[in-house]
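Enquirer: Heads up: the sequence shown is residues 16 to 294, going by the working numbering.
Glycine included, C-beta positions come from ideal geometry on N, C-alpha and C.
Quick caveat: nothing in here was measured; it's all calculated off a predicted structure.
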Amino acid sequence: MNDARMTSTGHAVSDAPWLDLHFQACRAEYEEALRFVGIAPGWTVLDAGCGSGGYIPLLGELVGPAGQVHALDLAPENVADVERLVQEGHCAAPTEVRVGSVLDLPFADATFDCVWCANVAQYLTEAEFTQVMGGFRRVAKPGGLVAVKDSDGTLLQVLPLDPAIFARRVAARRAKAAGTGLLGSWCGSSLARFFRQAGLTDIVRKGWLVERWAPPSPATREFVAMGLRYGAGLAAELDVPPADREALRAAAADPDGVLDDPDFCSREAFVVTIGRIPT
Ligand SMILES: C[S@@+](CC[C@H](N)C(=O)[O-])C[C@H]1O[C@@H](n2cnc3c(N)ncnc32)[C@H](O)[C@@H]1O
């Protein structure tokens, strides 16, 4: 089992089984966040770094048959999944899907009414994301929107495990990344400065807490068990107290012990940052 859930292009927690299960476990909040952006019927939108296509059906519903959805991802296997989704009729709008990089967008200037980019910034350095925001500004129309969603991993918890274990683990990840410029999966609350630098206006931020108390749904069970395995693997390579490493290893080895606890609760937070292209 690939516990890092890696794509063929080297991005962790980005393979289709992980993305699909994560989406299923967080669907209510994820879809509310996309609806919050304010995408309207008839718009042409880009899903930049679309993964396995979790947002594609709702994007299609929002723009409708008079609109257009374009989806782009670096991983060919994720693009193939989205193509399948579209062929099976899960997107109500005309849709084009292609392999490509957010660092070099293969679209003409002023093409999109909105660019949506979810959980991609975390894989990029500050310099790369600055370049990406320049690209988004170029391909979005004057007056159009750019909306970037990303996690704030500083708020991740799985109770009844001690929340301090998760706080120390994310601190160790940040310390390890220091100096590399990597934005990381804790970047969600700190992306507005890139919108300001790119000259976007009317910047809005809104956060969501995805909180699931006992008893967990089947999707939450499966996703949290997968997450515990991934998280234990991460901690094994980080400068965290041995007792933390052991607690995470034990939880990953026996996820039911955590999931069946009457005080089980999983919490993860994300933020959507929205800005407008000047006219
Ligand atoms: C965590 S997944 C998020 C997928 C989807 N947006 C979602 O929220 O469900 C990150 C995705 O970003 C893609 N990705 C990473 N770097 C990229 C780049 N430079 N250009 C395009 N896609 C990229 C990965 O292939 C992966 O599918």
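(1) At a cut-off of 6 Å, would you count residue 95 as near ligand 1, judging by its Cβ distance to the nearest heavy atom?
(2) Check whether the Cβ of residue 26 sits closer than 6 Å to any heavy atom of ligand 1, and report yes or no.
(3) Among residues of its own chain, excluding the 5 on either side of residue 66, which ones have a beta-carbon nearer than 7 Å to its beta-carbon?
(4) Could you pull the DSSP bridge partners for residue 87 from this structure?
(5) Considering only the alpha carbon of each residue, which of 214, 170 and 133 lies closest to residue 149?
(6) My guess is that residue 128 and residue 59 are in contact by the Cβ rule of under 8 Å, so how many angstroms apart are they, rounded?
(7) Please return the same chain residues whose Cβ sits closer than 6 Å to the Cβ of residue 154, not counting the five positions on each side in sequence.
(8) Distance, Cα to Cα, residue 152 vs residue 135?
(9) CB-CB under 8 Å to residue 31, same chain, minus the five flanking residues each way: which ones, in chain order?
(10) How far does the alpha helix (DSSP H) with residue 267 in it extend, from its first residue to its last?
(11) Under the criterion of a Cβ to heavy atom distance below 6 Å, does residue 88 qualify as lining ligand 1?
(12) With a CB to CB cut of under 8 Å and the five nearest residues on each side skipped, what residues in its chain are close to residue 26?
(13) My understanding is that residue 284 touches residue 177, with C-beta atoms under 8 Å, so please give their C-beta distance in whole angstroms.
(14) Less than 7 Å separating the beta-carbons of residue 211 and residue 286?
(15) Please name the residue, chosen from 186, 240 and 230, that lies closest to residue 250 on a Cα-to-Cα basis.
(16) Less than 7 Å separating the beta-carbons of residue 36 and residue 238?
(17) Exposed or buried, which one is residue 277 when buried takes at least 16 other CB atoms within 10 Å?
(18) Within this structure, are the beta carbons of residue 290 and residue 180 separated by less than 7 Å?
(19) Just reading off the alpha helix (DSSP H) that residue 212 is part of, what are its end residues?
(20) Taking 6 Å as the cut-off, is the beta-carbon of residue 205 closer than that to any non-hydrogen atom of ligand 1?
(21) So who's on the other strand from residue 166, going by DSSP bridges?
Expert: Based on what the coordinates show:
(1) Because no heavy atom of ligand 1 lies under 6 Å away, the Cβ of residue 95 does not count as near it: no.
(2) Yes, Cβ of residue 26 sits closer than 6 Å to a heavy atom of ligand 1.
(3) Around residue 66, the same chain offers 29, 34, 88 and 93 as residues with beta carbons nearer than 7 Å, after the five sequence neighbours per side are excluded.
(4) Looking at the DSSP output, residue 87 sits in a beta bridge with 63 and 113.
(5) Measuring from the Cα of residue 149, the nearest candidate turns out to be 214.
(6) A Cβ-Cβ distance of about 5 Å is found for the pair residue 128 and residue 59, placing them in contact under the 8 Å criterion.
(7) Only 120, 122, 126 and 127 meet the Cβ criterion.
(8) Answer to the nearest angstrom: the Cα atoms are 17 Å apart.
(9) Closer than 8 Å at Cβ, skipping near neighbours: 66, 67, 92, 93 and 96.
(10) Residues 257-268.
(11) Residue 88 has its CB nearer than 6 Å to a heavy atom of ligand 1.
(12) In chain order, 89, 90 and 138 place their CB closer than 8 Å to the CB of residue 26, counting only its own chain and leaving out the 5 sequence neighbours on each side.
(13) Actually they do not touch by this definition, with Cβ atoms about 18 Å apart.
(14) No.
(15) Proximity to residue 250 across 186, 240 and 230 peaks at 186, based on C-alpha coordinates.
(16) Residue 36 places its beta carbon less than 7 Å from that of residue 238.
(17) So residue 277 counts as exposed.
(18) Not a contact, by the Cβ cut-off of 7 Å.
(19) Where residue 212 is concerned, the enclosing alpha helix (DSSP H) stretches over 207-212.
(20) Because no heavy atom of ligand 1 lies under 6 Å away, the Cβ of residue 205 does not count as near it: no.
(21) Paired residues: 285.
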